[in-house]
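Undergrad: Here it is, the structure, as structure tokens.
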Amino acid sequence: MTKEPEELPEPASDRQAFRQYGELLEGTMSEEAFADFQDKLSTDAEFRRGYLQFVNLDSALPDELERLAWLESDDPQSKVDRGHSIKGPARLIAKWSNWVPLLAAAIACVSLSLHFMPAPRRYDPSISMIQSTEILPVPIKFASITQSIDADWHQAWYGQLLPWSNATDALASGPLWLSKGLLEITFDHGATFIVEGPTKLELLDSQHIRVESGQLCIHALEDSQAVSIRTLSDQIVDLQGEAGIRVGPNSGLEVHLFSGKAEMRSLAIDAGKATLEQKLEAGSAGRVVSYLGQRRFERFDAQEDGFVFQIGSQVIVDPASNRTETLNHFGSEDIAVYSTEPDRQMKLESRPGSLYGRIEPQTKLPQIGISFPQTIDLQTFRFLRLSMVRTHSDETSFAFTPGDKNVDTAVAKAVFLPTPRSFSYQELSAEIPFVDGQSERGFSRGKLTVANQVGNLPRSFQIDYLMVDRYPTIGIAEFDADNYYGKLHSRSIKQATISDGIFRGTSADDDPYLLSYQFQIDADKYNAIEVRMKATAKANFAKIYWGKKGNALGEDKHVVLPKFADDKFHTYLINMTGATDWNDTINYLRLDPCRAAEQSFEIDYIRALSIPESDYDEIDRNSRHPTLTTRKVTQSTL
Amino acid sequence: MNDKQNQAEFIRLMTNSDQALRRYIRTLVFRDQDLEDVYQTTAVAMWEKFDEFDETRPFFPWACQFAYFEVLQHRRRISRSKMVFDESLIAMLEQEQREEEAIWPARRSALRTCLKELPEQDIGLLRRYYVKREKVVEIAEQFKRPVKHLYNKLDRIRHRLGRCIEKRTRAAGLS
Numbered sequence: 127m128t129k130e131p132e133e134l135p136e137p138a139s140d141r142q143a144f145r146q147y148g149e150l151l152e153g154t155m156s157e158e159a160f161a162d163f164q165d166k167l168s169t170d171a172e173f174r175r176g177y178l179q180f181v182n183l184d185s186a187l188p189d190e191l192e193r194l195a196w197l198e199s200d201d202p203q204s205k206v207d208r209g210h211s212i213k214g215p216a217r218l219i220a221k222w223s224n225w226v227p228l229l230a231a232a233i234a235c236v237s238l239s240l241h242f243m244p245a246p247r248r249y250d251p252s253i254s255m256i257q258s259t260e261i262l263p264v265p266i267k268f269a270s271i272t273q274s275i276d277a278d279w280h281q282a283w284y285g286q287l288l289p290w291s292n293a294t295d296a297l298a299s300g301p302l303w304l305s306k307g308l309l310e311i312t313f314d315h316g317a318t319f320i321v322e323g324p325t326k327l328e329l330l331d332s333q334h335i336r337v338e339s340g341q342l343c344i345h346a347l348e349d350s351q352a353v354s355i356r357t358l359s360d361q362i363v364d365l366q367g368e369a370g371i372r373v374g375p376n377s378g379l380e381v382h383l384f385s386g387k388a389e390m391r392s393l394a395i396d397a398g399k400a401t402l403e404q405k406l407e408a409g410s411a412g413r414v415v416s417y418l419g420q421r422r423f424e425r426f427d428a429q430e431d432g433f434v435f436q437i438g439s440q441v442i443v444d445p446a447s448n449r450t451e452t453l454n455h456f457g458s459e460d461i462a463v464y465s466t467e468p469d470r471q472m473k474l475e476s477r478p479g480s481l482y483g484r485i486e487p488q489t490k491l492p493q494i495g496i497s498f499p500q501t502i503d504l505q506t507f508r509f510l511r512l513s514m515v516r517t518h519s520d521e522t523s524f525a526f527t528p529g530d531k532n533v534d535t536a537v538a539k540a541v542f543l544p545t546p547r548s549f550s551y552q553e554l555s556a557e558i559p560f561v562d563g564q565s566e567r568g569f570s571r572g573k574l575t576v577a578n579q580v581g582n583l584p585r586s587f588q589i590d591y592l593m594v595d596r597y598p599t600i601g602i603a604e605f606d607a608d609n610y611y612g613k614l615h616s617r618s619i620k621q622a623t624i625s626d627g628i629f630r631g632t633s634a635d636d637d638p639y640l641l642s643y644q645f646q647i648d649a650d651k652y653n654a655i656e657v658r659m660k661a662t663a664k665a666n667f668a669k670i671y672w673g674k675k676g677n678a679l680g681e682d683k684h685v686v687l688p689k690f691a692d693d694k695f696h697t698y699l700i701n702m703t704g705a706t707d708w709n710d711t712i713n714y715l716r717l718d719p720c721r722a723a724e725q726s727f728e729i730d731y732i733r734a735l736s737i738p739e740s741d742y743d744e745i746d747r748n749s750r751h752p753t754l755t756t757r758k759v760t761q762s763t764l
Numbered sequence: 009m010n011d012k013q014n015q016a017e018f019i020r021l022m023t024n025s026d027q028a029l030r031r032y033i034r035t036l037v038f039r040d041q042d043l044e045d046v047y048q049t050t051a052v053a054m055w056e057k058f059d060e061f062d063e064t065r066p067f068f069p070w071a072c073q074f075a076y077f078e079v080l081q082h083r084r085r086i087s088r089s090k091m092v093f094d095e096s097l098i099a100m101l102e103q104e105q106r107e108e109e110a111i112w113p114a115r116r117s118a119l120r121t122c123l124k125e126l127p128e129q130d131i132g133l134l135r136r137y138y139v140k141r142e143k144v145v146e147i148a149e150q151f152k153r154p155v156k157h158l159y160n161k162l163d164r165i166r167h168r169l170g171r172c173i174e175k176r177t178r179a180a181g182l183s
């Protein structure tokens with residue numbers, strides 16, 4: 127034995143009590159000593175309390191020691207010279223199942239009488255909960271249920287079932303049963319997993335899940351922590367990527383690794399036998415089977431079929447293909463880049479991030495010639511958005527000019543219908559009409575007709591941006607004009623600025639947000655939200671909430687965005703088709719860019735789009751992060 | 009609900025309360041064999057009366073009622089033994105153990121932290137004793153140490169853990 131550890135000073139009488147408690151449990155206490163012991167227990171409340179705590183400690187140590195070994199087993203160094211062998215979590219599993227055979231026998235003994243017993247009422251989680259008068263400690267929570275579909279589930283805490291409503295807030299260590307439906311669970315560090323009922327699992331801590339039986343799909347991407355899954359005999363450790371996990375009631379762990387990396391281990395059941403270890407590559411699957419008394423590893427191709435990858439809203443990160451091109455930011459300080467017509471009757475001025483103009487009375491067809499930074503294919507981009515302050519209610523239009531033609535030969539004229547006059551920016555939208563021949567040529571210029579005709583009073587206007595889109599789009603926040611917040615309300619964001627088309631800020635606490643209000647989105651038409659933003663590595667993942675008037679924002683209507691530690695901009699395209707209460711008219715949209723204080727972030731834009739469902743697959747297939755694709759999108763009912 | 013669903017529901021609830029119920033019984037009967045006997049009869053009794061379980065109430069206190077009754081029955085069966093607690097003491101202990109159980113999750117959490125603070129050789133000894141179920145005599149033989157020395161060592165480790173848990177739960181205002 128190595129050198130004795132230094133002991134803490136401790137009262138001898140206390141130590142003596144521990145010796146007596148130990149003797150009692152070990153069966154080494156004499157009858158005479160027991161009589162004294164019992165007397166002391168009956169008369170000394172402190173001694174009695176010490177006894178109860180000792181029994182509880184002694185009862186817990188086997189499981190806790192095995193748990194400790196199990197957690198440490200991820201680290202190969204920890205296996206060495208610890209005075210124990212790593213044989214797997216036999217006891218941890220046993221604690222669930224060791225009384226089941228006993229109970230089965232018991233049930234068999236009384237089965238005859240059961241035929242005559244009335245069946246008890248079915249357990250209903252909405253009413254079977256801990257009463258408010260019960261004294262319970264506060265569990266340490268490290269995960270949340272972020273989506274659910276038709277889920278019937280329970281989590282235990284202190285041998286009780288958690289109240290249904292509380293359990294939806296956050297999850298702590300403990301068994302979790304999902305008898306039916308789907309649950310999406312998100313760890314605080316960002317990794318998520320979808321559980322399909324029926325599944326029995328236990329959340330051990332923020333990185334370890336033990337699965338008794340069932341099926342789940344894990345997404346542990348980028349800088350979220352790696353996750354380890356364990357069963358009675360097998361485990362997959364350091365999973366960083368996306369994987370489908372299947373555990374049969376009488377079979378071992380089956381892992382389908384769709385992306386990333388992981389290592390699969392089969393824990394030797396018998397002492398002395400080697401542990402099987404196999405590294406899995408993306409696209410491969412593995413399981414351990416027993417064959418002629420031997421355990422061996424089987425490798426095969428990963429199969430996506432049968433796994434639910436995501437529920438609720440689908441998030442595609444850095445989706446393929448630009449859906450929007452900016453024709454002009456109108457941020458140039460050099461107004462000579464614009465041509466005006468009639469020249470002398472319209473004056474332009476550069477304003478921060480925008481273009482101001484004044485038109486003299488009686489001007490006919492005041493027009494501004496605009497060049498694009500790139501050639502636009504109007505077969506791809508069919509929709510036009512113009513943000514401007516329009517102090518008149520006339521018709522405004524924009525016509526595209528083929529690349530090699532004079533601006534007068536403009537075709538494809540999109541008309542922005544008259545709207546009530548406004549002294550703040552309005553985003554006008556129009557569909558670009560298809561004209562013969564336009565598909566054969568790119569368009570690199572165009573002219574904006576501000577109004578058909580100006581009357582007796584001069585008119586002023588201010589233009590923020592002009593954009594073309596593949597799909598009908600609403601710019602909820604484009605941040606194009608400098609320091610123009612529009613209908614955005616911010617909270618707990620300091621050092622906020624808008625310049626160069628970017629909103630920049632720093633979180634003042636752990637709940638900063640930007641709320642867009644006073645708008646109307648036809649949810650039946652606009653089925654997607656697109657956000658481009660970046661945040662620091664410590665900022666934790668962002669969230670988007672939505673709501674309607676009279677139906678406030680809430681945790682039941684949000685989607686969590688994956689986070690990245692690369693401090694770069696990422697685009698998130700969120701398919702809202704399956705999102706809770708995304709229907710009728712949406713009036714509120716809230717972006718929580720991070721969930722930590724003192725974190726800087728930048729937001730390029732927030733948009734709502736109308737994308738045909740059939741297009742998602744292609745967008746998804748070519749995205750930079752195809753791992754986040756979804757094969758099933760369903761309505762969340764949490 | 010049919011019998012199969014009924015059984016599944018019962019098993020689920022029992023699984024929830026399994027560890028807490030075992031601790032409860034063990035404080036009252038303290039010997040492992042007695043614990044298993046009482047646990048078994050308790051499970052059967054609960055199954056027989058499961059239709060009377062009020063699902064609007066927590067399961068564990070309901071289970072304790074059965075366990076307490078079975079402990080008393082068991083005590084009567086082995087009444088000739090002098091190594092059993094008096095009924096009055098059992099009544100006291102069962103009441104106080106329920107109170108202890110309420111703070112057990114916090115104490116278990118503290119235990120997990122305290123275990124990590126133990127020296128490796130202490131963890132090694134605990135594992136041989138608690139996980140591998142080696143007898144103190146066997147361990148003493150292997151390390152060529154007196155049995156008493158090993159017992160003292162175990163006592164010191166457990167006592168150290170107990171004090172560590174107490175300190176941590178006191179700091180959290182739970183003790």
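Those protein sequences? They're chains G and V, same order as listed.
Following our numbering, the numbering of the first sequence begins with 127 at its first residue and continues without gaps.
Following our numbering, the numbering of the second sequence begins with 9 at its first residue and continues without gaps.
Where a beta carbon is used, it is the ideal one built from N, C-alpha and C, also for glycine.
(1) Flag this pair as touching only if the segment 719 to 728 of chain G and the segment 622 to 635 of chain G have three or more C-beta atom pairs under 8 Å; answer yes or no.
(2) Apart from the five residues just before and just after ARG174/G, which ones in its own chain have a Cβ nearer than 6 Å to its Cβ?
(3) From SER550/G, ARG547/G, PHE542/G and PHE549/G, pick the residue whose C-alpha is nearest to that of ALA556/G; which is it?
(4) Three or more C-beta pairs under 8 Å: does that hold for the segment 436 to 444 of chain G against the segment 302 to 311 of chain G?
(5) Taking only beta carbons into account, state which residues of the segment 620 to 646 of chain G come closer than 8 Å to chain V, listed in chain order.
(6) In angstroms, rounded to a whole number, what distance separates the CA positions of ARG168/V and MET54/V?
(7) Since LEU194/G meets chain V, which of its residues come closer than 7 Å, beta carbon to beta carbon?
(8) What residue does the alpha helix (DSSP H) around LEU167/V start on, and which one ends it?
(9) Note down the Cα distance separating SER299/G from GLU192/G, rounded to an integer number of angstroms.
(10) From ARG120/V to PRO188/G, what distance separates their C-alpha atoms?
(11) Could you tell me which of LEU29/V, ILE173/V, VAL52/V and LEU36/V sits nearest to GLU102/V, measuring between CA atoms?
(12) In chain G, what lies closer than 7 Å to GLN105/V by C-beta?
(13) Is the number of C-beta pairs between the segment 498 to 510 of chain G and the segment 458 to 473 of chain G that are closer than 8 Å three or more?
(14) Quick check on PRO766/G: does DSSP put it in helix, strand or coil?
(15) In three-state terms, what does DSSP make of ILE311/G?
(16) In whole angstroms, give me the CA-to-CA distance for PHE319/G and ILE700/G.
(17) Compare the C-alpha of ASN578/G against each of SER749/G, SER519/G and ALA538/G and name the closest.
(18) If you drop the 5 nearest sequence neighbours on each side, which residues of the same chain put their C-beta closer than 8 Å to that of VAL181/G?
(19) Please report whether the beta-carbon of ASP163/V lies at a distance below 7 Å from any beta-carbon of chain G.
(20) Who does PRO528/G pair with in a DSSP beta bridge?
(21) Between LEU119/V and chain G, is the shortest Cβ-Cβ distance under 7 Å, so that the two count as touching?
(22) Which residue wins for smallest C-alpha separation from PRO492/G, given the options SER736/G, ILE344/G and VAL576/G?
(23) Quick test of the definition: if touching needs 3 or more C-beta pairs under 8 Å, does the segment 84 to 104 of chain V touch the segment 57 to 64 of chain V?
(24) Give the single residue among HIS684/G, ILE655/G and ASP710/G whose Cα lies nearest to the Cα of GLN646/G.
(25) Using CA atoms only, rank isn't needed, just tell me which of GLU744/G, GLY457/G and TYR464/G is closest to ILE624/G.
(26) Identify whether SER96/V lies in helix, strand or coil by the three-state DSSP scheme.
(27) Verify whether the separation of the beta carbon atoms of SER480/G and ASP590/G is less than 7 Å.
(28) Which class does VAL46/V belong to by DSSP, given the choice of helix, strand or coil?
(29) Expressed to the nearest angstrom, what Euclidean distance is found between the alpha-carbon atoms of PHE144/G and TRP112/V?
(30) Would you please verify whether the beta carbon of PHE144/G is less than 7 Å from any beta carbon of chain V?
(31) Nearest by alpha-carbon distance to ARG425/G: which of GLU389/G, ASP444/G and VAL443/G is it?
(32) Please list the partners that ASP94/V has in chain G, where partner means a Cβ-to-Cβ separation under 8 Å.
(33) For ARG372/G and PHE423/G, what's the separation of their Cα atoms in angstroms?
(34) Within the 7 Å Cβ cut-off, does HIS82/V reach chain G?
(35) Quick check on this structure: which residue in LYS694/G, THR697/G, LEU715/G and SER410/G has the alpha carbon closest to the alpha carbon of GLY680/G?
(36) Under the three-state reduction of DSSP, which class applies to ILE33/V: helix, strand or coil?
TA: Taking the definition as stated:
(1) yes
(2) Position 48 of the first sequence holds residue 174/G. Cβ within range, chain order: LEU167.
(3) Within the first sequence, residue 556/G is the residue found at index 430, counting from 1. Answer by Cα proximity: PHE542/G.
(4) yes
(5) none
(6) Here the question's residue 168/V lines up with position 160 in the second sequence. Here the question's residue 54/V lines up with position 46 in the second sequence. Answer to the nearest angstrom: the Cα atoms are 38 Å apart.
(7) Residue 194/G sits at position 68 when you count from the first residue of the first sequence. Per Cβ cutoff of 7 Å: LEU123.
(8) The residue labelled residue 167/V in the question sits at position 159 within the second sequence. Here residue 167/V turns out to be His, not Leu, going by the sequence shown. Counting along the chain, the alpha helix (DSSP H) containing HIS167/V begins and ends at 155 to 179.
(9) Here residue 299/G refers to the residue found at position 173 when the first sequence is read from its first residue. Here residue 192/G refers to the residue found at position 66 when the first sequence is read from its first residue. Going from the Cα of SER299/G to the Cα of GLU192/G covers about 16 Å.
(10) Along the second sequence, one-based indexing puts residue 120/V at 112. Along the first sequence, one-based indexing puts residue 188/G at 62. ARG120/V and PRO188/G: Cα-Cα distance of roughly 12 Å.
(11) For the purposes of this step, residue 102/V is identified with residue 94 of the second sequence, where counting begins at 1. Looking at the Cα atoms, LEU36/V is the closest of the given residues.
(12) In the second sequence, counting from the first residue as 1, residue 105/V sits at position 97. Within chain G, the residues near GLN105/V are LEU178.
(13) no
(14) Outside the shown range of chain G (127 to 764) lies residue 766/G, about which nothing can therefore be said.
(15) For the purposes of this step, residue 311/G is identified with residue 185 of the first sequence, where counting begins at 1. In this structure, ILE311/G counts as strand in the three-state DSSP scheme.
(16) Taking the first residue of the first sequence as position 1, residue 319/G is located at position 193. Taking the first residue of the first sequence as position 1, residue 700/G is located at position 574. Near 18 Å, if we compare the C-alpha coordinates of ILE700/G and PHE319/G.
(17) To locate residue 578/G, count along the first sequence from 1; it is residue 452. Selected option, being the one with the closest Cα: SER519/G.
(18) As a position in the first sequence, residue 181/G is number 55, starting the count at 1. Excluding positions up to five away in sequence, the list reads TYR147 and LEU151.
(19) As a first step, residue 163/V is located in the second sequence; it is residue number 155 there, counting from the start. Taking Cβ atoms only, chain G reaches closer than 7 Å to ASP163/V, which makes this a yes.
(20) Along the first sequence, one-based indexing puts residue 528/G at 402. PRO528/G pairs with PHE569/G.
(21) Taking the second sequence and counting its residues from 1, the one referred to as residue 119/V is at position 111. Chain G, which has a Cβ nearer than 7 Å to the Cβ of LEU119/V, makes this yes.
(22) As a position in the first sequence, residue 492/G is number 366, starting the count at 1. When only C-alpha atoms are compared, the closest one is VAL576/G.
(23) no
(24) To locate residue 646/G, count along the first sequence from 1; it is residue 520. Taking only the C-alpha atoms, the option nearest GLN646/G is ASP710/G.
(25) Against the first sequence, residue 624/G aligns to sequence position 498. For the residues GLU744/G, GLY457/G and TYR464/G, the minimum Cα distance to ILE624/G belongs to GLY457/G.
(26) As a working note, residue 96/V is residue 88 in the second sequence. Helix at SER96/V.
(27) Position 354 of the first sequence holds residue 480/G. Position 464 of the first sequence holds residue 590/G. Yes.
(28) Here residue 46/V refers to the residue found at position 38 of the second sequence. If DSSP states are grouped into helix, strand and coil, VAL46/V belongs with the helices.
(29) Reading the first sequence from its first residue, position 18 is the one you call residue 144/G. Reading the second sequence from its first residue, position 104 is the one you call residue 112/V. One C-alpha to the other measures close to 19 Å.
(30) Here residue 144/G refers to the residue found at position 18 when the first sequence is read from its first residue. Closer than 7 Å: yes.
(31) Walking along the first sequence from the start, residue 425/G turns up at place 299. Residue GLU389/G is the option with its Cα nearest to ARG425/G.
(32) Reading the second sequence from its first residue, position 86 is the one you call residue 94/V. Those within 8 Å of ASP94/V in chain G are GLN164 and SER168.
(33) Against the first sequence, residue 372/G aligns to sequence position 246. Against the first sequence, residue 423/G aligns to sequence position 297. Distance between the alpha carbons of ARG372/G and PHE423/G is about 15 Å.
(34) Residue mapping note: residue 82/V aligns to position 74 of the second sequence, counting from 1. Closer than 7 Å: no.
(35) The residue labelled residue 680/G in the question sits at position 554 within the first sequence. The shortest C-alpha separation from GLY680/G is found at LEU715/G.
(36) Looking up residue 33/V in the second sequence gives position 25. Helix at ILE33/V.
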